Amino acid sequence: MTTIMGAAASALSHYERVMDVTGHNLANVNTTGFKRSRALSEGVPLTGVAAGQGRMGVGQTTTDLDIRVGPALLSQHRLSFAIQDDAFMRIVGFDGNIRYTRFGQLDIDSAGNLTDLQGRLLLPPIQLPAGATNPSVDASGNVLAMDAAGEPVIVGRISLARFVNPLGLEPLGEGLYGEGLNSGAIQVGEAGDASFAPFIPMALEGSNVQIAEEFTNMILAQRAYQASAQTFKIGDQMLEAATNLTR
Amino acid sequence: MIKGLYASFTAMEAAWQYQDVLANNIANAGTPGFKREVASKESFRDALISQSAPIPAPLGARVQDIIGQIGTGSFIAEFATDYGQGAMQPTSGELDLATTNGFFAVQGPDGTTFYTRDGHFSRDANGDLVTSHGYYVLGSAGEHITMPFGATVVSPDGDIAVAGQPAGRLQVVDFAPGDLLRAGEAYFTSAVGGTAVAGGVRQGMLEMSNTNMVEELTTLLSVQRTFQANQTILARLDGTLDLAAGQIGMVRA
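Going down the list, the protein sequences come from chains H and D.
With numbering that gives the first Met the number 0 applied, the first sequence covers 0 to 246.
With numbering that gives the first Met the number 0 applied, the second sequence covers 0 to 252.
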């Protein structure tokens, strides 16, 4: 009897979710390496349901990662680079698990190891030889430095990984991702080799959030929310009329 | 008197069912591939009313005299699916597909084949092309489509190429009107196989719901008023019955 209100309520919670996701995207419009998410309502396939039954409104909301490449922004840092395809840099998390990130800025710790800005080691690790100075990253992911004699040397090469289904990665915050149940097999390689695109050195990948797109989604979600709230109200008024049949 | 009660009651019942359909259409205004339902209201067939011939008539002449017709209210004849094209929304998702003719064929976990216009696909952990529920998207011969690493290009005929190598062809089929049964909001089943169609597949787009928000909300309001009007009539009839049953012939002290 209360299909009306059930369907309207399912839509209300769906559009709340859309607003959550849109708000999160907009908050990260300037976050380097950020990947926007997208919330979509989905119809659920049903079998064995009589005709006229099973009108449940929004069946489920799916949220997936939009892995489009963001714009490359110039950076003054010689250890920064922008990844230009769907690959991720591999680093070792503080808990020892392998983490994946698109944030291409490196730092050097006191032992000369290349780390991310928080001090997590790269996988495989790259260490500057004693006395080496002026480290930088080139388009192929080679880490270059000047040795003690002032000669340029290649000290290592940054390793990349790509997933069968990058949408299945688990976002862990701080621009880090972990393997998910659905992310599938990994292909490991280096920038500029085989199917991996070369880096843009001395640049960072900007957020792939587009403000116009997010605002359009927000307006649509808000109006759809209003329409669903109106539907809910009408359902309520009809129930009230029905219960007032006998006085 | 009682016939009037039933006429109002069936009209309220019909309004309630109609609201269910409208609320579902509105709730799915953002669901890719959703096809709205429309209801057609119909009256019950008019009944003939008759009176019996007067008692003193000869035995063989006891026929019924037809004295007129009476309506018995309305009901929803059927809910039909409006297969009209939904708006095409560009998404730039590599595996967001839309088709302007026919339906994509997908396979559920129990082997049931569903047909859908919802082309929000992705790879699963094995690289198979799946829907957002993890149902396999079927190839032209009913096989699963396994996609290796690499950029995907889908032709208008549904041919999939990954990193320049062919990976399969989508099964896109169309049906005669009436062959499809609704199975959930954006999914259909069919007892008969469809005929393959080509040339309608668009990559990087989703076909959104074909819900017409203005029409649904307008109808919702008018149906609500119909419901209220019939509720009022029912209440009046109740009042009249109350008078007939409670007031007439009452002996006042």
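Here a beta-carbon is modelled for each residue, glycine too, at the ideal position from N, C-alpha and C.
In this text the structure is predicted, and so the values were computed from the model without any measurement.
- If you draw a straight line from the Cα of residue 174 of chain H to the Cα of residue 80 of chain D, it comes to about 44 Å.
- Only those residues of the segment 168-184 of chain D whose C-beta falls short of 9 Å from the nearest C-beta of chain H are listed: 180, 181, 182, 183 and 184.
- Annotation: residue 225 of chain H has no Cβ neighbours in chain D at a cutoff of 9 Å; minimum Cβ distance is about 10 Å.
- Residue 129 of chain D sits in a strand when the DSSP states are folded into three classes.
- Here DSSP, grouped into helix, strand and coil, assigns residue 119 of chain D to strand.
- Within chain H, the C-beta atoms nearer than 7 Å to that of residue 226 of chain D come from 237 and 240, in chain order.
- Think of a sphere of 9 Å around the beta carbon of residue 10 of chain D: no beta carbon from chain H falls inside it, the nearest being about 13 Å out.
- For residue 247 of chain D, no CB of chain H lies under 8 Å from its own CB, so it is not counted at the interface with that chain.
- Listed in chain order, the positions of the segment 191-215 of chain D with a beta carbon within less than 7 Å of a beta carbon of chain H are 212.
- For the 8 Å CB-CB criterion, residue 154 of chain H and residue 136 of chain H do not form a contact.
- Residue-level contact check: residue 143 of chain D does not touch chain H, since none of the beta carbons of chain H fall below 8 Å from its beta carbon.
- Under the Cβ criterion of 8 Å, residue 63 of chain H is counted among the residues facing chain D.
- In chain order, 94, 96, 128, 129, 130 and 136 place their CB closer than 7 Å to the CB of residue 120 of chain D, counting only its own chain and leaving out the 5 sequence neighbours on each side.
- Rounded to whole angstroms, the gap between the alpha carbons of residue 140 of chain H and residue 191 of chain H is 8 Å.
- One finds nothing in chain D with a Cβ atom closer than 7 Å to the Cβ of residue 72 of chain H; even the nearest lies about 20 Å away.
- Under the DSSP assignment, residue 4 of chain H falls in the alpha helix (DSSP H) whose first and last residues are 2-26.
- For residue 31 of chain D, the C-beta contacts it makes with chain H under 9 Å involve 39, 40, 41 and 42, in order along the chain.
- Closer than 8 Å at the C-beta level to chain D, one finds these residues of the segment 159-185 of chain H: 161, 163, 164, 166, 167, 180, 181, 182, 183 and 184.
- The count of Cβ pairs closer than 8 Å, one atom from the segment 99-111 of chain D and one from the segment 189-207 of chain D, reaches three, so the stretches are in contact.
- Rounded to the nearest whole angstrom, the C-alpha separation of residue 179 of chain D and residue 190 of chain D is 8 Å.
- Looking at the backbone, the Cα of residue 109 of chain H and that of residue 120 of chain H are separated by about 12 Å.
- If you draw a straight line from the Cα of residue 72 of chain H to the Cα of residue 180 of chain H, it comes to about 33 Å.
- Counted as a single uninterrupted DSSP element, the stretch harbouring residue 187 of chain D is not any alpha helix (DSSP H) but the beta strand (DSSP E) occupying residues 186-189.
- Its chain contains 206, 207, 208 and 209 as the residues whose beta carbon lies nearer than 7 Å to that of residue 85 of chain D, once the 5 sequence neighbours on both sides are disregarded; these appear in chain order.
- By alpha-carbon distance to residue 214 of chain D, the top candidate from D:20, D:3 and D:12 is D:20.
- The beta carbons of residue 81 of chain H and residue 204 of chain H sit closer together than 8 Å.
- One Cα belongs to residue 183 of chain D, the other to residue 193 of chain D, and the distance between them is close to 19 Å.
- In this structure, residue 216 of chain D places its C-beta atom within 8 Å of the C-beta atom of residue 226 of chain H.
- Judged by DSSP secondary structure, residue 102 of chain D falls within the beta strand (DSSP E) whose first and last residues are 102-106.
- Residue 194 of chain H and residue 184 of chain H have their C-alpha atoms roughly 16 Å apart.
- Looking only at H:178, H:172, H:223 and H:188, the smallest Cα-Cα distance to residue 23 of chain H is reached by H:172.
- Between the C-alpha atoms of residue 225 of chain D and residue 22 of chain D there is a straight-line separation of about 16 Å.
- In this chain, residue 93 of chain H is not harboured by any alpha helix (DSSP H), its DSSP state being neither H nor E.
- Closer than 8 Å to the CB of residue 230 of chain H there is at least one CB belonging to chain D.
- In the assembly as shown, residue 165 of chain H is a buried residue. Its beta-carbon has 16 or more other beta-carbons within 10 Å.
- Residue 227 of chain D and residue 233 of chain D have their C-alpha atoms roughly 10 Å apart.
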